[in-house]
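Participant: Provided herewith is a single structure, encoded as structure tokens, for subsequent inquiry.
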Amino acid sequence: EGVAVTFIAPREMEHLRIIENLTQRKIIRHPMPTLAQALEGQQQAAIERLLTAAEDPTIAKYKGMAENLLEQDHNSVTLLAAALKLLTREPNTEPVHLTEEKPLYTKSKPKSRRNKRRNRSFSKRRK
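So the mapping is simple: my numbering equals the position in the sequence shown, first residue as 1, plus 65.
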């Protein structure tokens, strides 16, 4: 029992219809979530994980570390917000800057014996 999720491109819709006909079941279609919706879902999952962990009886060994953090003039709300941010695993939204690079030189395989000799002499000259 569970949930299966399939991501398809518009050109794959016919394949989806074939699967529906073979299984004789209608597959429920949902639009792709936006980044904001996905992040909101991650945040909600982080809150649920945090609440579940708070109910775990083995949390006692972490209470001392928490008290030490609070004694270091850290605000409890700020620490909780930091824990939620870490649990959410937000994607890095820093823009990526690509620089143009020349392709690496690669030797192609010689097609004939004659080309093999030519390439061998070329590599000797190059050294």
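All C-beta atoms in this analysis are idealised placements derived from N, C-alpha and C, irrespective of residue type, glycine included. Only a predicted model underlies this, so the values are computations on that prediction, with no experimental measurement involved.
For the alpha helix (DSSP H) holding HIS162, just list the boundary residues, first then last.
Facilitator: Element bounds for HIS162: n/a, residue is neither H nor E.
Participant: Assess, as a yes-or-no matter, whether the segment 108-125 is touched by the segment 141-157 under the definition of 3 or more beta carbon pairs within less than 8 Å.
Facilitator: These segments touch.
Participant: Helix, strand or coil for ASN140, going by three-state DSSP, please let me know.
Facilitator: coil
Participant: Going by CA-CA distance only, name the one from ASN140, MET97, TYR170 and LEU169 that's closest to ALA74.
Facilitator: MET97
Participant: Check for me: the alpha helix (DSSP H) holding THR99 runs from which residue to which?
Facilitator: First-last for THR99: undefined, no H or E at that position.
Participant: Quick one: give me the first and last residue of the alpha helix (DSSP H) that ARG82 is part of.
Facilitator: 78-88
Participant: Can you tell me the Cβ-Cβ gap for LEU214 and LEU134, rounded? I've got them flagged as a contact below 8 Å.
Facilitator: Look at the range of the chain in this structure, 66 to 192, and you will see that residue 214 is not part of it.
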